[in-house]
Amino acid sequence: MKLEKKLAGTLAVPVLVLAVCILLSVMKGVVLFDSVLSWTTFIRAMTNIVLVTFALSINLNSGRFDFSIGSVALLSSIISAMLTTRFGLGPVGMLLISVISGGVLGLISGVIYVSVKLPPIIVSLAVALFYEGMAFTLTDGHGVSFANNAELLGFGTIPNYLLIIAAALAFMVIVFDHTRFGYEYKALLSGQKVAVSTGIREIPNAVLCYTIAGLLMGAQGFVSATNNGAITMALNFGSISPMFMAFLPMFIGGFIAGIPMKNSVIFWEHFPQP
Amino acid sequence: MVKLKKNGRITSSALFSAAPILGLILLAAVFLLIAQIKDVNISYSLKNILNQSIITMVVATGAIYIYTLGAFDISLGASMCVSVLVGAMAYNRTGSLIVMLAVCVGCAVCISLISSVLASVFNLPVFVTTIAMLSLLNALVLVLIKVNGTGDVIQVPADAVRDINTPWFKLLVLILFTALCVLTFNYMKLGRQEKFLGGNPLCAELTGLSAKKLSIIGFAMAGLGVGLGAFLTITYAPTLSRNTAASVGMDVIIAIVFGGMPISGGARSKIWSAIIGSLSMTLLSQIMLMLNMNSGVSQMVKAVIFIAVVYVSMLSSKKNILPR
Amino acid sequence: MMKTLKKLFLLQLSVLMAVCLTACSGGKSGGSTEDPSAKTVKIGVLVSDTTSAEALAFRTYYKDYIQSVYNVEFMYSDELKDAAAEQSAIDNFIANNCQAIISFASADRPAQIEKCEAEGVYYAVATGTLPADQYEKYKSYEHYVGAIGPDLPTEYQAGYDMAKHYLDAGYTKFGLFTGASVYFTEMHIYRAAGMLAAMCDAGGGSYAGKTGMDIVGQIMADGGNVNPGKIGNIEINGVVAGYDFDDAWFGKLAAVANDPNVEVLMAVGSGQTAFAGFKPEGKKLGDIDCYTKESVELMESGTLDYLAGKFSASIGPAFAATLSAVYGKPIRDKDGNALALAQGYWVATSAEDAKKYYEVDSSTTNPAYTKDMLDTLIGASYDDFAKFVSAYSFEEIKK
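Protein sequences, first through last, are from chains L, A and F.
In terms of the working numbering, the first sequence opens at residue 1 and continues consecutively.
In terms of the working numbering, the second sequence opens at residue 1 and continues consecutively.
In terms of the working numbering, the third sequence opens at residue 1 and continues consecutively.
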């Protein structure tokens, strides 16, 4: 297929969506991006969706439905916010703690899954309930507020968000396309029984998938918390809503990835559309 | 098929597969024990358990048809909310409970059919269309409330439904619907075909079964359950809002899993899972309430009990690869 | 084995159904005739919100203070999102032998009152009031204790006073957060209407041709929305409503908070969540909410400079009235009607005031309404009760 055709196919959906948005804005008499704030809002929303979609797709592509990613983001952001406000850390410290705690929570989730060997959707329901309950108990229902902390709130700038997106994308490309783990992940994805029969160790691979998803959701929890300086609690599956915003980008990204353009497949497969 | 006896002894797999029933019995026993200790009004509690679990029982029983196929419908709650609102509006215009029932059921069945037909037309996994339907239905709920023009709620006069807001009527609905489902699922080819398709889609299609046709019928049955659940919801609480039935979707999943239904469907699907799971879930909630625990701790305890019960019930079906 | 299990299950189901059917024929289940003061009184609490600062403050007052000094046990519901959940929660409380229910949930108050009356359980509304038509219908119900809280005129006045505070200081450009007004929550609609009425009085104009209390009807006619525009020389340059908590919602809040044509941000509630994190330094923020550690910190840092807050002990009189009813001494007016009393807010315009109010409000040993004070309400006359409730200002309570 000619390069122009491939490019056109790859860019068609985002350009079409942009065109519709511009048309609607003109009809309403407003400007789509009229200030830096508009761009910041857009890029922040994209950051959230990129991170959540990456996290969801890691397991969903393997047939593992994970309801617990929202609760991982919630609990990791609670842990990082509590430690940050207690020890007076800055945004970088908070981000690191959030990512690491998200990874640990994801690891626990993965270990539970491989230990009990129940369908992942069932495990994720239980984990979501448990993590939500834990977040509620840790803060006694009050959540965490740092609306006074200008340093943390000041993290939300376009360069910082783009940095997070770039880091997440680079991480995903490297880990899933250039490591043994990534090759084994894809082998398991395309044929679980055959892959296991060839000696691929499925259990460590699955645990690592959950851990990576947890790392990404830890970052998303941080982005969400530093947006307005408050983290509110959720019970009874109140935390699962972030998951639903990831489905459409995932499907569109998957559709676009079907257009045969080698390098773009790598890019678009990992770059969901907001 | 679980081997029940070996050398005259009950096999462990038989015990494990009976875990949901045993779990229900255990929860009921714990409930009664704690109720005695806490001096709870047991007869009122039992009526309460019926009220709280019956809607989930009805909807989940219908949803079994979807899950048996190995499919998954995330939009049941939103579908029920739309049916409830449309049914209420129909009553307010006609004053007829029969019309309200017909509209609730008709609306829910239509929504389910749209999901499954769309999946067939676009050749997508049906789960994908239910995600799209979820967004659409949530938006439709807001439109219906706005169109009705009575603020943020749509109300059916309480007097209109008082006579049917009785345990007898609800039990009647449950029994009739369950009987229909048991008949079609356990004693007619529909059930066998669905289990076959859910267990091995390739073999089922090669033997001539139409996945699309079975999916449509399965969703229609689920829609019937949602419609009846919507009608019962209006009778129980005739003030309806955009949050009505918000938790039904998750309650249904938990109920059928708690009841021992394999989430991947197939031959081991059981129509009774919905009823066992709904009752178990409600009993567990009642136990947590009686213990008057902190909300967060209570939820953590529920999570542990949930996974423990499901773990035991699925011990008989372990394989050497991870389930998906 | 399978047959045995099936039989066992069917037997159990039959027993369960038989017990249910027996239960179905049961009559009223509450309203014990024993002396209620001799044993622990169980009170169910209906809550529509379990995680907001206000809800948690109220819960702390009841569970950590009231429960420690009175022979009562509070049972809290989960978050109640709709009328069916409220009915379920009431059923749960009745099954657990609660003798009374205090309600913070309002999806379907008439249904709550009717159920409690039918089951012989006392029912009170805390931090709110019934609309006039509902009060007329239920005021003589034996088990309806009454409603004590900010009534709608008080909510209107709270919004009016907040806006007037800034208008008197010379500010003319406003950004508003109208919260749940788009969900037709009357409390927020009346607060917003009060703000707009103050602007009408100060700016010499009208809001869509309406002034005063008529603005309430206009907001309702507009679907709970408040529209930006000019009222005389006063400008409303940005309005955000709802509690979407998605990126678009936060984006709108940030846009209004950072709008150079907005001098003052005013919120009908949750202003700390809505605007505090986005607001640039120097811009004013007023909120109608409650006193929390965070709100005091925001006042101290200058982020927030006006707070009209419900104090957590304000629900004390509702509890006292309920307990009095359970003890067989319901508080009724001379015509035998239930309580309908208004309470107002504590208004802080400085960090010192906010800190002073918060210290009292958050105390679980010496709150605003102590046991000694509430004891005077049990068995009191309607007039004495009303006099007590009407003296709700900080100075009157702490004198």
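Ideal Cβ placement from N, Cα and C applies to all residues, glycine included.
If you're wondering where the values come from, they're calculated on a predicted model, not measured in any experiment.
List the DSSP bridge partners of residue 341 (chain F). Looking at the DSSP assignment, residue 341 (chain F) forms a beta bridge with F:148.
Given that residue 134 (chain L) touches chain A, what residues does it touch there, using C-beta distances under 8 Å? The answer, in chain order, is 296 and 300.
Can you pull the chain F residues whose beta carbon is under 8 Å from the beta carbon of residue 290 (chain A), in chain order? Neighbourhood of residue 290 (chain A) in chain F, by CB distance below 8 Å: 96, in chain order.
Measure the C-alpha to C-alpha separation of residue 84 (chain L) and residue 90 (chain L) and round it to an integer number of angstroms. Residue 84 (chain L) and residue 90 (chain L) have their alpha carbons spaced roughly 7 Å apart.
To be precise: take each residue of the region 244–255 of chain A, compare its Cβ to all Cβ atoms of chain L, and keep it if any distance is under 8 Å. Which residues remain? The residues in question are 247, 250, 253 and 254.
Below 8 Å on the Cβ atoms is my contact criterion, and I expect residue 112 (chain F) with residue 79 (chain F) to pass it. Report the Cβ-Cβ distance as a whole number of Å. Contact doesn't hold; Cβ gap of about 16 Å is too wide.
If we define contact as Cβ-Cβ less than 7 Å, is residue 303 (chain A) a contact residue for chain L? Yes - at least one Cβ of chain L is within 7 Å of the one on residue 303 (chain A).
Hey, does residue 2 (chain A) have any beta-carbon neighbour from chain L nearer than 7 Å? Low local confidence applies: a pLDDT of 49 at residue 2 (chain A) is under 50, so the model's placement there is unreliable, and no value is given.
Who does residue 103 (chain F) pair with in a DSSP beta bridge? F:46 and F:125, per the DSSP bridge assignment.
If we ignore side chains and look at the alpha-carbon of each, how far apart do residue 174 (chain F) and residue 218 (chain F) end up? For the pair residue 174 (chain F) and residue 218 (chain F), the Cα-to-Cα distance works out to about 19 Å.
Mind checking whether residue 207 (chain F) and residue 263 (chain F) have CB atoms under 7 Å apart? At least 7 Å separates the beta-carbon of residue 207 (chain F) from that of residue 263 (chain F).
For a cutoff of 7 Å on Cβ pairs, would you count residue 148 (chain L) as touching chain F? Cβ-Cβ to chain F under 7 Å: yes for residue 148 (chain L).
Taking the CB atoms as reference points, tell me whether residue 124 (chain L) and residue 105 (chain L) lie closer together than 7 Å. With respect to the 7 Å criterion, residue 124 (chain L) and residue 105 (chain L) are not classified as neighbours on the basis of their beta carbons.
Please list, in chain order, the chain A residues whose beta carbon lies closer than 7 Å to that of residue 183 (chain F). Within chain A, the residues near residue 183 (chain F) are 152.
Since I believe residue 37 (chain L) is in contact with residue 254 (chain F) (beta carbons under 8 Å), could you give me their beta-carbon distance rounded to a whole number of angstroms? Rounded, the Cβ-Cβ distance is 6 Å, consistent with contact.
Nearest-angstrom Cα separation, counted from residue 53 (chain L) out to residue 46 (chain L): Straight-line Cα distance between these residues: approximately 10 Å.
Using three-state DSSP, classify residue 22 (chain F) as helix, strand or coil. With a pLDDT of 44 at residue 22 (chain F), under the threshold of 50, the modelled position of this residue cannot be trusted, and the question is left open.
Which residues in the same chain have their Cβ closer than 7 Å to the Cβ of residue 21 (chain A), if we skip the five residues on either side of it in sequence? Cβ-Cβ distances below 7 Å link residue 21 (chain A) to 276 in the same chain, with the five nearest sequence neighbours on each side left out; the list follows chain order.
Could you tell me which of F:114, F:110 and F:118 sits nearest to residue 132 (chain F), measuring between CA atoms? Residue F:110 is the option with its Cα nearest to residue 132 (chain F).
Which class does residue 237 (chain F) belong to by DSSP, given the choice of helix, strand or coil? DSSP places residue 237 (chain F) in strand when its eight states are reduced to three.
Rounded to a whole number of angstroms, what is the C-alpha to C-alpha distance between residue 61 (chain F) and residue 188 (chain L)? Looking at the two C-alpha atoms, the distance is approximately 55 Å.
Starting from residue 145 (chain L), follow its DSSP beta bridges and name the residues at the other end. Its beta-bridge partners are L:230.
At a Cβ cut of 7 Å, what residues of the region 53–84 of chain F count as close to chain A, listed as they run along the chain? Residues 75, 78, 81, 82, 83 and 84.
For chain F, is any of its Cβ atoms less than 7 Å away from the one on residue 198 (chain L)? Not one chain F Cβ lies under 7 Å of residue 198 (chain L).
Below 7 Å between beta carbons: does that hold for residue 65 (chain F) and residue 364 (chain F)? Against a cut-off of 7 Å, the Cβ pair of residue 364 (chain F) and residue 65 (chain F) comes out as a contact.
Would a check of beta-carbon distances place residue 261 (chain A) closer than 7 Å to chain L? With 7 Å as the cut-off, residue 261 (chain A) does not count as an interface residue toward chain L.
Beta-carbon of residue 294 (chain F) versus every beta-carbon of chain L: anything under 7 Å? By this cut-off, residue 294 (chain F) is an interface position.
Could you tell me whether the Cβ of residue 17 (chain L) comes closer than 7 Å to any Cβ of chain F? No, residue 17 (chain L) lies away from the interface with chain F (no Cβ there is under 7 Å from its Cβ).
Mark residue 333 (chain A) as exposed unless 16 or more other C-beta atoms lie within 10 angstroms of its C-beta, in which case mark it buried. Not covered by the structure: residue 333 (chain A). The range shown for chain A is 1 to 324.
Local Cβ density within 10 Å of residue 221 (chain F), reported as buried at 16 or more and exposed below that: So residue 221 (chain F) ends up on the exposed side.
Am I right that residue 269 (chain A) and residue 281 (chain A) are in contact with their C-beta atoms under 8 Å? What's the rounded C-beta distance? Between residue 281 (chain A) and residue 269 (chain A) the Cβ distance is about 19 Å, and since that is not below 8 Å, they are no contact.
State the DSSP-derived secondary structure class of residue 325 (chain A), mapped to helix, strand or coil. One cannot answer for residue 325 (chain A) here, as it falls past the ends of chain A, which runs 1 to 324.
For the alpha helix (DSSP H) that residue 19 (chain A) lies in, which residues bound it at each end? In the DSSP annotation of this structure, the continuous segment of the alpha helix (DSSP H) that includes residue 19 (chain A) starts and ends at 19–37.
Could you spell out the range, first to last residue, of the beta strand (DSSP E) harbouring residue 39 (chain L)? Note, residue 39 (chain L): premise wrong, no beta strand (DSSP E); alpha helix (DSSP H) at 36–60.
Between residue 31 (chain A) and chain L, is the shortest Cβ-Cβ distance under 7 Å, so that the two count as touching? Taking Cβ atoms only, chain L never reaches closer than 7 Å to residue 31 (chain A), which makes this a no.
Classify residue 26 (chain F) as buried or exposed, calling it buried when 16 or more other Cβ atoms lie within 10 Å of its own Cβ. The pLDDT assigned to residue 26 (chain F) is 44, lower than 50, so where the model puts this residue is not dependable; a value taken from the coordinates is nonetheless given after this. So residue 26 (chain F) counts as exposed.
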